[in-house]
Each structure stands twice: as C-alpha cells, then as structure tokens.
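Contents: one structure, followed by commentary.
Residue numbers (the working numbering), protein chains in the order written: chain A, 178 to 312; chain B, -13 to 122.
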C-alpha cells in the first residue's frame, strides 16, 4: 500500500494570522483549498498542511479539540540545507512562534524546532543519509 | 520553500502491536529507523513517513505531556490510488482493532472514509480526482 499525498490537519484559532505566518516562513498557500475557515499550506506538491479554524476542525472529529497543554503530534520535515533549517526557525520565531529545543547537530543530521502560533510542534531537519553512521 | 520529506510523529502504547496493525494495512516498515521504542511506517518511499513512538519515548521530544487519546490535535488525511483501496484499508483497520468514527463521504470527484487506529489517532483515507473538483 502506498499513499500519493498527505494532508496534515491541525486546529488553529485564527486562520488569517496562520496564513500570514506560514507565508512569511516561506511556503505557498493552495488557494483552491483555502477559505475563511481553512488555510492549505503547500510544503511541496504532495505534502500539505491544512490549518482549520477550531470550530470547523471540530466538525471532523468526535473528540474535543486538544488544548495547547498536550502533544498528540510532532511534525518533522526535511529540507535541502542547514541554512534552510535555521532560516525557517528564525523566521518563525520572529513572527510569533517560540523556540522549542535548541538546535541539535548530529554531524550527518541537523535539526531545529519551534512551536507555532497555536502550539503545534515542528521539527526542521536536514540530513545526509549517506553519512548516517551504521549501528 | 519546498520540503523534501515529512515524518509525522505520533505516540503509541505498544510499538509491537502498532507494527502489526500497520503491516496488516499493507504498509512496509523502514527497519533502519525502527527499534523497540519506535517504528517507521513507509507511506510513500522517500517522501512520507509516520513514526509511531512509544509514549515515554515520544515524551522526550516535547515539554508538554503527551495526549492521552481523549482529545484530537491532528487528523491525518492520506490519498490513495482508488476507491477500492480506500474501502479496503478502512475495512482492514476496523477488522484489526481500529474503530469507525465517521461515515464514508462521496463527493463524486472525491471519496473518503475514515478510521481511528488502535491508539486513537484518526485517519481519513481518500481518493480524489482534482480535475473533477467543481469550481465554486
């Protein structure tokens, strides 16, 4: 079994602010799938994040929306360079996100992370798999 | 900015049971990134992965308590290649300890069905033909 695309759906308080935030961080918005209740951020051409207004998000689940004091998910994405990793995290933090863990450098992999405006956790990574140490 | 790949990280109670569940659904496991605390399910080679981490291990990556399964922070929607695959995956999931929380929806250009996995994470499986999506 293989999937051809993924949409990670996350609840947000303010769709417009979320749209501005992710645009500043450097991603484009898929307007076809966006409206006043949802913003579709294209991470690439098969991977999307749908940020849904909390009340709208609630219509898709039979459980209450999580408050910001727990984690159900941490989303890690791979980027093309260390510079991109730092650029995204620095831009995010300047625009209202907060630093999560300090950057970690494993040699073959570099990672930096932030909590977005709604407290969703994001890990930005750059890895050179050819340099991954064998166990 | 474009990303190269995504790893969606979710907490689970039992890594071995989770491995069996996702293998039953037809996915392969990336053993290089799996051990007794985590399994890496390959959803689309080189692009889309889900990492299921034992709760205690997941906890080491966040300074907030992990969710206990009674709330929703994320809904994961995945596209597959046919309606038959949508139904097959949901049926297999429910036959293996998953549960149903919403009825299938048929929009004509898109068909979608959903299940909660054995750890309560919610998955929307869909098949869509965007070229048939109605204009507003």
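Ideal Cβ positions, reconstructed from N, Cα and C, are used throughout, including at glycine.
Cross-strand partners of residue i (DSSP beta bridge)
i: residue 114(B); result: 96(B)
i: residue 13(B); result: Its beta-bridge partners do not exist; DSSP assigns none.
i: residue 225(A); result: 184(A) and 219(A)
i: residue 256(A); result: Residue 256(A) pairs with nothing; no bridge assigned.
i: residue -3(B); result: 39(B)
CA-to-CA distance, residue j to residue i, given in whole angstroms
i: residue -12(B); j: residue 256(A); result: 7 Å
i: residue 265(A); j: residue 226(A); result: 16 Å
i: residue 4(B); j: residue 38(B); result: 8 Å
i: residue 297(A); j: residue 52(B); result: 12 Å
i: residue 8(B); j: residue 311(A); result: 26 Å
i: residue 211(A); j: residue 178(A); result: 29 Å
i: residue 186(A); j: residue 14(B); result: 24 Å
i: residue 111(B); j: residue 67(B); result: 10 Å
i: residue 105(B); j: residue 114(B); result: 27 Å
i: residue 73(B); j: residue 284(A); result: 44 Å
i: residue 244(A); j: residue 238(A); result: 15 Å
i: residue 249(A); j: residue 36(B); result: 13 Å
i: residue 33(B); j: residue 304(A); result: 13 Å
i: residue 198(A); j: residue 293(A); result: 9 Å
i: residue 88(B); j: residue 20(B); result: 31 Å
i: residue 222(A); j: residue 301(A); result: 18 Å
C-beta neighbour in chain B for residue i, strict 9 Å
i: residue 238(A); result: yes
i: residue 280(A); result: no
i: residue 184(A); result: yes
i: residue 220(A); result: yes
i: residue 195(A); result: no
i: residue 189(A); result: no
i: residue 227(A); result: yes
i: residue 230(A); result: no
i: residue 180(A); result: yes
Interface flag, residue i vs chain A, CB-CB below 9 Å
i: residue 53(B); result: yes
i: residue 1(B); result: no
i: residue 56(B); result: yes
i: residue 120(B); result: no
i: residue -12(B); result: yes
i: residue 16(B); result: no
i: residue 69(B); result: no
i: residue 5(B); result: no
Candidates the options, of which the one nearest residue i by Cα
i: residue 58(B); options: 242(A), 272(A) and 223(A); result: 242(A)
i: residue 194(A); options: 259(A), 219(A), 258(A) and 272(A); result: 272(A)
i: residue 277(A); options: 48(B), -7(B), 24(B) and -8(B); result: 48(B)
i: residue 98(B); options: 77(B), 1(B) and 0(B); result: 77(B)
i: residue 95(B); options: 55(B), 120(B), 26(B) and 2(B); result: 120(B)
Positions along the region 78 to 97 of chain B whose CB lies within less than 7 Å of some CB in chain A: 87
Chain-ordered residues of the region 31 to 48 of chain B with a beta carbon less than 7 Å from chain A: Answer set for the region 31 to 48 of chain B: 33, 34, 47 and 48.
Within 9 Å of chain B by C-beta, residues of the region 242 to 268 of chain A in sequence order: 242, 243, 244, 245, 246, 247, 248, 249, 250, 251, 252, 253, 254, 255, 256, 257, 261, 264 and 265
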